[in-house]
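Q:
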Amino acid sequence: MREEMGPILSFKEKYLERVLSGEKRVTIRLGALRPRFQLVYIACCGMLYGEAVITKVEYLRLRDIGEDVLREEGFGSLEEALSELRGLYPRIDLDDVVSVIRFSLIRRYEKPISINAIKRT
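Residue numbers (the UniProt record's numbering): 1 to 121.
1) Grouping DSSP H, G and I as helix and E and B as strand, with all else coil, what is alanine 52?
2) I need the boundaries of the alpha helix (DSSP H) containing serine 77, first residue and last residue.
3) Can you tell me which of the three DSSP states leucine 94 falls into?
4) If you draw a straight line from the C-alpha of arginine 102 to the C-alpha of leucine 9, how long is it?
5) Determine the burial state of isoleucine 118: buried for a count of at least 16 other Cβ atoms within 10 Å of its Cβ, exposed for fewer.
6) In terms of DSSP beta bridges, what is tyrosine 109 paired with?
7) Flag this pair as touching only if the region 78–85 and the region 37–46 have three or more C-beta atom pairs under 8 Å; answer yes or no.
8) So what does DSSP say about glutamate 17, is it helix, strand or coil?
9) Assuming contact is defined by CB atoms lying nearer than 8 Å, are arginine 2 and leucine 30 in contact in what I supplied?
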């Protein structure tokens, strides 16, 4: 069963600049996530930094992710990816289904906006 993903794509602070520069265009998330929106906000630390379009979503077992995706994510190996993902999802293992979400940044805000700005609408 796929879980719905809302209008916000959040990133750790250490990845934010790569996302906003357009260098990082893929993210791996635990579970089979079905985006409800093609247009999403890029968020970090409670702030919105821009907007992106989701261009593709693939559902794979973590062990089946290709080297191309790992490189795009900034990982040198599957073991490195697993270690980083365990920081977010402590119980993740190689047999878990993940969503490989590809996106394209379409707008970077001049100044970050509080995430509460969209929650009020």
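Using N, Cα and C, we set each Cβ at its ideal position, and we do this for glycine too.
A: Based on what the coordinates show:
1) strand
2) Taken as a continuous stretch (DSSP letters only), serine 77 belongs to no alpha helix (DSSP H), as it is neither H nor E.
3) coil
4) 11 Å
5) exposed
6) DSSP, once it has assigned bridges, lists no residue as partnering tyrosine 109.
7) no
8) helix
9) no
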